[in-house]
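Counting from 304, one number per residue, gives the positions in the first sequence under our numbering.
We put the CB at the ideal spot given by N, CA and C, even for glycine.
Structure, as structure tokens:
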Amino acid sequence: MKTRIRTLLANGASGRECMVAGWVRSVRASREVAFVTLNDGSDMAGLQVVADQGLANFDSVCRLGTGAALRVHGTLVASPAAGQQWELHATIVEIIGEADDAYPLQKKRHTFEYLRTIAHLRPRTNTLGAVFRLRSRLAQAVHRFFAERDFLYAHTPIITASDCEGAGELFRVTTLDAVAPPLAAGQPDFEQDFFGQKTGLTVSGQLEGELLALAFSDIYTFGPTFRAENSNTPRHAAEFWMIEPEMAFADLADDAELAEEFIRYLCRFALEECADDMAFFDKQIEKGLLERIRQVAEADFVRMDYGDAIERLQRSGTAFSYPVEWGLDLQTEHERYLSEQVVGGPVFILNYPKEIKAFYMRQNSDGRTVAAMDLLVPKVGEIIGGSQREERLDRLTTRMAEMGISQEPLWWYLDSRRWGSCPHAGFGLGFERLVMYLTGMDNIRDVIPFPRTPRHAEF
RNA sequence: UCCCCAGUAGCUCAGUCGGUAGAGCAGGUGGCUGUUAACCACCUUGUCCGUGGUUCGAGUCCGCGCUGGGGAGCCA
């Protein structure tokens, strides 16, 4: 029976007979003894396998290449040398899958750019292994957080016909012939398409999430999201995962409170339950990472009105590249200044001018702002965007008319304001941005196993 | 999409003033009784991103293209 290396090391007992299986990271051979570092993905360190001339295939073991797959039977013993607590004295080494000298991963540091070209193999490296382990644990922690608060996990559609969420360009979903589609008035006739109308991949589950919140009170979505934007930055991907909670009978203050608890919970989770991998990130990826995350985990998040934020920026005397003026959106440089220089920690900016925000955000009584919030954190800037939603039908339709948004395709959304409408609020968090924030990784392409970005859909 | 930078051995990089390609690692062979990205000795490896131009001569200078990276915009 195979034992996972992480489990084996956690329950180490001298003299224990066991069998492990994994991939060779390194072979150090001399005439009479060879050391094989074996990794099965369960942890960072792997297991040192000691092979000696007593093995039937000792010569073959000495010639093993990095990357080969092995099954090893042996005895776990306390290691006499520094570097590891335990080691496995092999009695049988089965070579399951060879790896010759063309194997692209070497026993050395590679650039992330190079590793992206071998995305099919990079999960076997220390860094990407740690990132994808953390990603998995973190996804489970997200579900745990909401389950502890009795939120319903909602699956919103991936194929959608609502073209007007205002959250970016849609990927078109169609089965029409791309070369010669049926035409109506010179345009492709989507009435003859699979769904009988224009459809695309979802850019947000929020609108459907609101409908579910108006039945289950508290819900969240956590699923893939698609944006056909030609964004070429380290923070954007065409396919990413988004977390979107929505709470009925809740206002903007409740929304911010949930976001604060959520971020703090995930920071603590990473520090406490992923300590080995986090220590690796702190040492190898970003010096001071643990301290940064610890501060966020313990901080009280500041709340600041958009108007105050503008004043603070104007009074700062700092020369920004982009103008600072009431009515203009905050740029990345402003967001980072507020979080890093003004506050020195996470800060919510609340109540933005209605002109720069989406139609569904609740209009404040001042007539010029909406109940929107962004959570800004050091190093990244905006990590969460949310709002209280406009629950008053007349205000909502008036605003849609002002912004030129057609009501007809959103009849179902408007119905939710017709019967049993109530104040509700929610936010959106890009999962990859969260993983980047917690690992210190600088590029979104390195926190998704197989990233999709403009011109890149390989693997 | 806009601005800036880069592309040389399998990987990471150096290459001076334009004069004909070099280092570490990886790989190979041999050595080594406990190594820690093992170590020691020797050896192998090139479409200098592509294309057009300038020049007696281009890795080096110029144009165009492709690819990658950084910044911005859009945003999560």
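Between Asp355 and Val339, the gap from beta carbon to beta carbon reaches 8 Å or more. Across the set Pro426, Glu549 and Trp389, the C-alpha of Glu549 shows the shortest separation from the C-alpha of His458. Burial is judged here by how many other beta carbons sit within 10 angstroms of a residue's own beta carbon; Val482 has fewer than 16 and is exposed. In the same chain as Tyr523, and ignoring 5 residues on each side of it, the C-beta atoms closer than 6 Å to its own belong to Phe449, Phe454 and Pro548, in chain order. Bounds of any beta strand (DSSP E) do not take in Glu560; it lies within the alpha helix (DSSP H) bounded by Leu555 to Glu576.
Remark: C-beta atoms of Val680 and Pro649 approach each other more closely than 8 Å. Take Gly731, set aside five residues on each side of it, and the residues of its chain with a beta-carbon closer than 8 Å to its own are Ser507, Gln509, Met545, Ile546, Glu547, Ile687, Gly688 and Gly689, in chain order.
Scanning the segment 669 to 716 for uninterrupted beta strand (DSSP E) segments of 3 residues or longer gives 672 to 680 and 684 to 691, listed from N- to C-terminal end. Around the Cβ of Trp629, a 10 Å sphere holds fewer than 16 other Cβ atoms; the residue is exposed. Ser507 sits in coil when the DSSP states are folded into three classes, being neither helix nor strand.
Here the segment 581 to 591 lies against the segment 424 to 442, with 3 or more beta-carbon pairs under 8 Å apart. With respect to Leu737, Arg720 sits apart: the two C-beta atoms are not nearer than 8 Å.
Under the DSSP assignment, Arg319 falls in the beta strand (DSSP E) whose first and last residues are Arg319 to Ala332.
Under the three-state reduction of DSSP output, Thr502 falls in the strand class.
8 Å or more divides the Cβ of Glu643 from the Cβ of Tyr625.
As DSSP reads the structure, Gln351 sits in a beta bridge with Thr340 and Glu390. The residue from His413, Asp346 and Arg334 with its alpha-carbon nearest to that of Leu311 is Asp346. In this structure, DSSP gives Ile588 a state outside helix and strand, which the three-state scheme calls coil. Our two residues, Ala675 and Arg665, have alpha carbons roughly 8 Å apart in a direct line.
Rounded to the nearest angstrom, the Cβ distance from Pro426 to Pro752 is 6 Å, consistent with a contact under 8 Å. Note that the C-beta distance between Cys577 and Arg438 is not below 8 Å.
When DSSP states are grouped into helix, strand and coil, Thr742 belongs to the helix group. Excluding sequence positions up to five before and after Ile596, its CB lies within less than 7 Å of the CB of Cys570, Ala573, Leu574 and Leu741, all in the same chain and listed in chain order. For Ala372, the enclosing beta strand (DSSP E) covers residues Ala372 to Ala381.
Going by DSSP, Arg606 is part of the beta strand (DSSP E) stretching over Val605 to Asp608.
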